[in-house]
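Following: one structure in structure tokens, then a few remarks.
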Amino acid sequence: MRIPFSNLFKRYSQKAGLPPGSLVYVGEERTDPVRISVIDYNETHLHETEIQTIEECLSFKDTDTVTWIHIEGIHETSVIESIGNHFGVNSLVLEDLMTPNHLSKIEIYEEYVFIILKSLDYNTTSVSVSREQISLIIAENFVISLAENRGEHFTPIQNRLRNAQGKIRNMRSDYLAYALIDVIVDHYFIALEQLSDQLDSVEEQIISDPSSEVLGKINILRKEFLHLRRPILPLRDVLNDILDDEVRLFTQDTDLYFRDVYDHLMQVIHTLETLRSAASGLFDTYTSAVSHRMNEVMKVLTIVATFFIPLTFVAGIYGMNFQFMPELETRWGYPAVLLVMVGISIGMFTYFKLKKWL
Amino acid sequence: MRIPFSNLFKRYSQKAGLPPGSLVYVGEERTDPVRISVIDYNETHLHETEIQTIEECLSFKDTDTVTWIHIEGIHETSVIESIGNHFGVNSLVLEDLMTPNHLSKIEIYEEYVFIILKSLDYNTTSVSVSREQISLIIAENFVISLAENRGEHFTPIQNRLRNAQGKIRNMRSDYLAYALIDVIVDHYFIALEQLSDQLDSVEEQIISDPSSEVLGKINILRKEFLHLRRPILPLRDVLNDILDDEVRLFTQDTDLYFRDVYDHLMQVIHTLETLRSAASGLFDTYTSAVSHRMNEVMKVLTIVATFFIPLTFVAGIYGMNFQFMPELETRWGYPAVLLVMVGISIGMFTYFKLKKWL
Amino acid sequence: MRIPFSNLFKRYSQKAGLPPGSLVYVGEERTDPVRISVIDYNETHLHETEIQTIEECLSFKDTDTVTWIHIEGIHETSVIESIGNHFGVNSLVLEDLMTPNHLSKIEIYEEYVFIILKSLDYNTTSVSVSREQISLIIAENFVISLAENRGEHFTPIQNRLRNAQGKIRNMRSDYLAYALIDVIVDHYFIALEQLSDQLDSVEEQIISDPSSEVLGKINILRKEFLHLRRPILPLRDVLNDILDDEVRLFTQDTDLYFRDVYDHLMQVIHTLETLRSAASGLFDTYTSAVSHRMNEVMKVLTIVATFFIPLTFVAGIYGMNFQFMPELETRWGYPAVLLVMVGISIGMFTYFKLKKWL
Amino acid sequence: MRIPFSNLFKRYSQKAGLPPGSLVYVGEERTDPVRISVIDYNETHLHETEIQTIEECLSFKDTDTVTWIHIEGIHETSVIESIGNHFGVNSLVLEDLMTPNHLSKIEIYEEYVFIILKSLDYNTTSVSVSREQISLIIAENFVISLAENRGEHFTPIQNRLRNAQGKIRNMRSDYLAYALIDVIVDHYFIALEQLSDQLDSVEEQIISDPSSEVLGKINILRKEFLHLRRPILPLRDVLNDILDDEVRLFTQDTDLYFRDVYDHLMQVIHTLETLRSAASGLFDTYTSAVSHRMNEVMKVLTIVATFFIPLTFVAGIYGMNFQFMPELETRWGYPAVLLVMVGISIGMFTYFKLKKWL
Amino acid sequence: MRIPFSNLFKRYSQKAGLPPGSLVYVGEERTDPVRISVIDYNETHLHETEIQTIEECLSFKDTDTVTWIHIEGIHETSVIESIGNHFGVNSLVLEDLMTPNHLSKIEIYEEYVFIILKSLDYNTTSVSVSREQISLIIAENFVISLAENRGEHFTPIQNRLRNAQGKIRNMRSDYLAYALIDVIVDHYFIALEQLSDQLDSVEEQIISDPSSEVLGKINILRKEFLHLRRPILPLRDVLNDILDDEVRLFTQDTDLYFRDVYDHLMQVIHTLETLRSAASGLFDTYTSAVSHRMNEVMKVLTIVATFFIPLTFVAGIYGMNFQFMPELETRWGYPAVLLVMVGISIGMFTYFKLKKWL
């Protein structure tokens, strides 16, 4: 599978010159409807529902419970606009929600915090990692999360909420934000695990059979690791900002948890850099393996050619049709020539042995 | 298309030893007249006009409206001088206006801010990116922008002003400056998009047919990405300085917008670095592909040569003209030799199979 | 021996989505029981014992003596849980204790300091370095150390305690922590020593015989050095934090000693980087050596082929069966041709000599 | 032209162990006399003279005018000593004046500022850049400049002084220092321009004909760029120190000008790094071009050899002298064999076409 | 000469697990006695003596003169111990004195400053640089210097003291320390000079004759430069600490001198990095030169083979023994074939000319 470099952009150029805050969806064309699921919870109760329009969940907005609105699909302008209208979200943020080609970033506003991050998903059939933009709007008593597609990333969180597993039900919206970011970072590990397995298998192939197909695979892996820095690296700054205590919304209680995510992310980054430098190292290995092979091939050719060329020449001499070639008429001529040939052969063999070619 | 390295300089050397502030145009020779267009606007009215000399727009200078003077062409000393005379611009700044080989920079003066940046334009016919220096002089109620050539970059801004689209008409000169910088940064994306498409097509060619023409293309792309760092990277410092709140002219209202441009620029830089390292990676891929091909060629030669050389030798033996070669006279001599040859062939074939060359 | 890249992870993915603080062992499967040894000491007395459960050593907890609890094996949830219950250790720390894939780190709590570091062990039979996670919980008057496996690393410390060697018995828990970290860093030297010996032997082989087996060895060494950065580098930050005087538990008395460990670690890091860059340098050496060899092989082929091919051609001419070839019938034909051949040979020989191929 | 690495040192080792402040000239041997020219000026008058000994200009020393003493030649100990005696210059500075192998640096003393920088001169006949050490001693009302050789670098400044061009005559010694540094930095551009022209021409040659002579040229250019970092890079720190406002002698009036030089220097550095990385990139291009060529050569050999070797074998078969070879006696034997040969040729041709070798 | 990587360690592993401050000599085995020379001096008098035990010089300790105790040999525990006993030196410092594998460092104590640095010595017979650890203990009125071996490094200093050359006799212990460090840094230049000469000669060989012996030399030089960073780079931090004014013992009077050493060291480091990158660049040059050569060899083979193979085939045709080959019986058959051969030759020659192979 090829990963074109042009994937690094998603038709961004369409927007050049538009005034800021223009709500134009710039991802892939889509027709499937947006799915909005709401979970409203506190320690004692939990209410779960699926709604069609943002307006349906406004009743939860001013209660004391935490409300998690999860939106799958960012291509419907009307949905994004009603977030702006009802939750007082800045128009530049709304614009960012609809353009799925941002680097991870955090923006801190009076009433809410806006976080963009990237989830990674290893696709076993296409043998590649797909990226998706996840946006989080975190306020005092609600969290709005937006994903580009329907997916299973957040199912474990939903289950923990439903089953009141761990302390998630006792905590506020900042802990929910932590849980969502944590599960995304955990998926980074999974993606890297799968890619490192591929790296291992490619490495084995290089040594056993350095074909041109392997070369293609090294290329793809190197590109994959190169591309993965973009979604992963900037998240470090986001977490640093959260830990820097500037953000009023993130309380001390969750500091410990965000530090934990930070540690995991650092492991991811260390591992990514290790794998990336390993992947480019494979080119050296490949080139070395190929030139070693060529060497072997050349040796065989050289041995065979230098062995037989002189012998053939000798045979050629006595294949000439001169009338006066005294050797031709003697009885011992033929056996003598054969003997000379054997002698040359032994000489050659010894020479090759000395050169360690045999 | 070749991009000579000497393009990095535009006859700078001419100026060595001249006193500072000397107004000497050092770009390409030009004869076309300079075009000066003026838009004077506030929330309620907009006045647009095209003028011949700077003096014609002085009436707008002291009004409360925002005046945008856009000058296309920097080769007429008289125009530059009258900017200095009427708008109180420093002579070193005037010198910079006329020398289109500066790195992006910002200079903050009492009354105005001077910004140099580079616009990029992907030219589809020459398949390369052309650079142009854009200078901005931003004061309380006017913005002077200078471009080297006539171009379409700022047309969307002009339209937004004319149609009172977005909030541009309600804002001051700093917002106009933002809009101009924003549209330039957006064009960086377009240039990178086009180049990444080329990168993709070159990569495909390497794998399908690593000819020397492809090598030339890799070279050009690598140079292109190397050269693009010069116009793009220093702009980061310019934006940082604007965001650092040192500049009185840039109010808090536009901070949010400049932060947005900054984010876009960071994406551009990330992408540029990714593409640049991908472009140099293509050399490895090319070399690997070429040596793999050579390996294939060598194998064919080796197989054919090692197959036939021994057989030819055998034929050579019985082509000798010795009188006493008993094999020649027996009836089964010829078929026996043919059989031996078939035997050798089968042996060779097995050997090649074992070596996995066939 | 191959070191798969997938070793960088130890089934981390299993934990994605679990609530934080979940005690799940994610290392290799194990059945052997956990061994817990306790040394309780002060200047005048020392009590040593081996216990089955953490509960057995609670009597030492509130005395004024230093208690060192060393646990070999981190796979029994019950043991880890009782550490949490009886020593007031945070559940996130407990989780970290059971997941042996952390980077080295330090976490400072009110009552104790938690340190993770990696011990390295050069295994002479598998010719590779094995890693193990060591966790330290250091409090006012006890130190809990956890290792993944049974090992001999800490035996010298135990002996120094038993024999009251040096001043270890006169010092507090922070000195014990120093001694434990010091012995681990000392083992880094041993591992690097062994690997540098291998590097030397591989380098010798490259020059004497650049076979494909050597290529495999270079590859393994390069990977080994790449992988070693992960356990070693982050320890620097841990020691920096200890030396930064933020940590109440580490008194000025031990500062001098930690500075000493820090110096050792810096030597280790310098050496590691030197060896790592040397190991990748070997690829250049290998490729150069192989292409030099190929050059030699090609020269032999070229010399033999260009020597005999023209001669064989001449013989071929006079092997033609035309009825009217006057040379064939003259007496001096054969010797003349032989002379021509000798002449060609001498010409060739001179040419090769001039080219410095012989 | 070869640039030996040993040029990086100018017999420095001679001085090992001498006490500091020893005045020993360590540059190339010289016999030509030192030339000392003096320009004494203020707004209204200018006095220019050429003197033999420093003592002759002492009369200017305590006047209010600016005195510029320019010394060409640093090999006469007596001249250097009298600078020390009459202008109160530190003995370590005097030592530095005579050793032309310093990095650019600034030293700030109570009464004067000492600056070392390097001028570059592109020599069109030797096609290389020569370096020269320029030392500046800048005090309240005099500037002493020392160059190793006679040269034309400062002629434009002298002319501007004579003709009262620009504002140089109205300014103090710090502006003169600026003018001198500015003209030197401008010459960096000229040197880089010339080298980039060479880079372009070498690049063209690589693609048209990658001979070993080109390889030598790449090597020289790469070394040239590597060596140029030494004179250029440290000047940045010098200018930074001047701009940092620590230096009393450099007034705010010249700040703007030094900032201008600083900007130019940053352009020089950016360009140098770009060219340097381009020059090492040429090795890849060269290697790729050479291996592409080799590939072409190999293909021709392989095509010719695999085409004719089987045909020659067939001919060899029927050149055997067996008495019983029934084919030989049939009428259609010869044409049949010729037909077989044509068949083989067509087969080969098709195979090569399929492999895209023809 | 080979430099094994294992040299980076001097049996450090022996010490793993020992308590800190254990005095164990870990350098090479030695039996020659330690030499202790003492120079006691002030402005007016100088007393020089050679002693057997440290105790003999205690009389100088409390006088107001500066006492320089220079010890050659660090393998006698008793000598080191008496330094500790009589001069109040910390046991960790004593341990460092005996272990000659430290990085350069400075440790500041109440009463004295402890400095470790590395002297370099270019050995012309083994054509390599040998390293030695020099330790300095600098107190108010004495300096203790320790070298591993007997050497000539400090002889110039001794002579300057004896002859009261320069101002060394008028200064305190900090100036003596400066003089010692200065002379060591000066020797760095000498070592680099020698190595750069080698680099030049190797470079010449690559271009004239890229043999495998040259490859070995490049390898050794690259390793040499890689290894030299270890002794040289950390000294910068040492000098920075001295210049940072934290150290009470180093007075303002010597600041100027240490700044001078610092400048020299920076030159050394710049030069080392330049040479190091030049040395790895030589691999590219070598590979390019080798593949260029191979190209030449291949061309010769290809030209000869493609020239003669078709001709030989033609000769083979008419060497066949068919009874009915009409060409054989015609008179013009032989000359016609010869003519065809000449035609083929001319065609080939033209082709090679077009390909620029001849």
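So the sequence lines, in the order shown, correspond to chains W, H, B, X and C.
Going letter by letter, the first sequence gives residues 74 to 431 in the numbering used here.
Going letter by letter, the second sequence gives residues 74 to 431 in the numbering used here.
Going letter by letter, the third sequence gives residues 74 to 431 in the numbering used here.
Going letter by letter, the fourth sequence gives residues 74 to 431 in the numbering used here.
Going letter by letter, the fifth sequence gives residues 74 to 431 in the numbering used here.
By construction, the Cβ of each residue, glycine as well, lies at the ideal position given by its N, Cα and C atoms.
Because the structure is a prediction, the values reported are computed rather than measured.
- Within the model, the alpha-carbon separation for D314(W) versus I305(W) is close to 15 Å.
- Runs of the beta strand (DSSP E) lying entirely within the region 137-164 of chain H, each at least 3 residues long, are 139-145 in chain order.
- Between I291(W) and chain B, the shortest Cβ-Cβ separation is not below 8 Å.
- Taking CB atoms only, Q231(X) has no neighbour in chain H less than 8 Å away.
- DSSP places F397(B) outside any alpha helix (DSSP H), giving it a letter other than H or E.
- Not a single C-beta of chain C is nearer than 8 Å to the C-beta of A237(B).
- Residues of chain C whose Cβ lies closer than 8 Å to the Cβ of N368(B) are, in chain order, V363, R366, M367 and V370.
- In the DSSP assignment, I279(H) falls within the alpha helix (DSSP H) that extends over S246 to S281.
- Annotation for V111(B): the continuous beta strand (DSSP E) segment containing it runs R108 to Y114.
- Where E180(C) is concerned, the enclosing beta strand (DSSP E) starts and stops at K178 to I181.
- Runs of the alpha helix (DSSP H) spanning 4 or more residues and lying entirely within the region 354-426 of chain X occur at 399-402, in chain order.
- Linking L253(H) to F227(H) through their CA atoms gives a straight-line distance of about 7 Å.
- Of the residues assessed, L176(C) falls on the buried side of the cut-off, its CB having 16 or more other CB atoms within 10 angstroms.
- Put simply, the region 238-245 of chain X does not touch the region 156-168 of chain X. Fewer than three CB pairs are less than 8 Å apart.
- Going by beta carbons, Y407(C) and M421(B) fall outside the 8 Å limit.
- Taking R108(W) as the centre and dropping the five residues before and after it, the same chain places the C-beta of E123, I144, E145, G146 and R223 closer than 8 Å to its C-beta, in chain order.
- Think of a sphere of 8 Å around the beta carbon of A388(X): the chain C residues whose beta carbon falls inside it are F386, G389, I390, G392 and M393, in chain order.
- About 3 Å separates the beta carbon of G389(H) from that of A388(W), a gap short enough to meet the 8 Å contact definition.
- Put simply, the backbone Cα of R309(B) is about 8 Å away from that of M339(B).
- Secondary structure note for E121(X): its beta strand (DSSP E) is the uninterrupted segment L119 to I124.
- The bridge partners DSSP lists for Y195(C) are V202(C).
- Per the DSSP secondary-structure output, Y185(C) pairs in a beta bridge with A212(C).
- With contacts defined by Cβ atoms closer than 8 Å, L190(B) and I257(B) form a contacting pair.
- Beta-bridge analysis with DSSP links A220(C) to E145(C) and I207(C).
- In this chain, the alpha helix (DSSP H) harbouring N313(X) covers L308 to L316.
- In this structure, N292(C) sits near T358(B), with a CB-CB distance shorter than 8 Å.
- H300(H): member of the alpha helix (DSSP H) spanning S285 to I305, first to last residue.
- Among the bridge pairs identified by DSSP, L190(W) is matched with I207(W).
- Taking all protein chains in view, the Cβ of K290(B) is crowded by 16 or more other Cβ atoms within 10 Å, so the residue is classified as buried.
- Chain H places no beta carbon closer than 8 Å to that of A250(X), leaving this residue out of the contacts.
- Using a Cβ distance threshold of 8 Å, V334(H) and Y251(H) count as a contacting pair.
- For D105(X), the secondary structure class from DSSP, reduced to helix, strand or coil, is coil.
- Using a C-beta cut-off of 8 Å, the region 201-211 of chain C makes no contact with the region 279-290 of chain C, since fewer than three inter-stretch Cβ pairs fall below that distance.
- Contact note: Y407(X) reaches chain C through M393, F395, F397 and M398, using a C-beta cutoff of 8 Å and chain order.
- The Cβ-Cβ distance between L316(C) and F298(C) does not fall below 8 Å.
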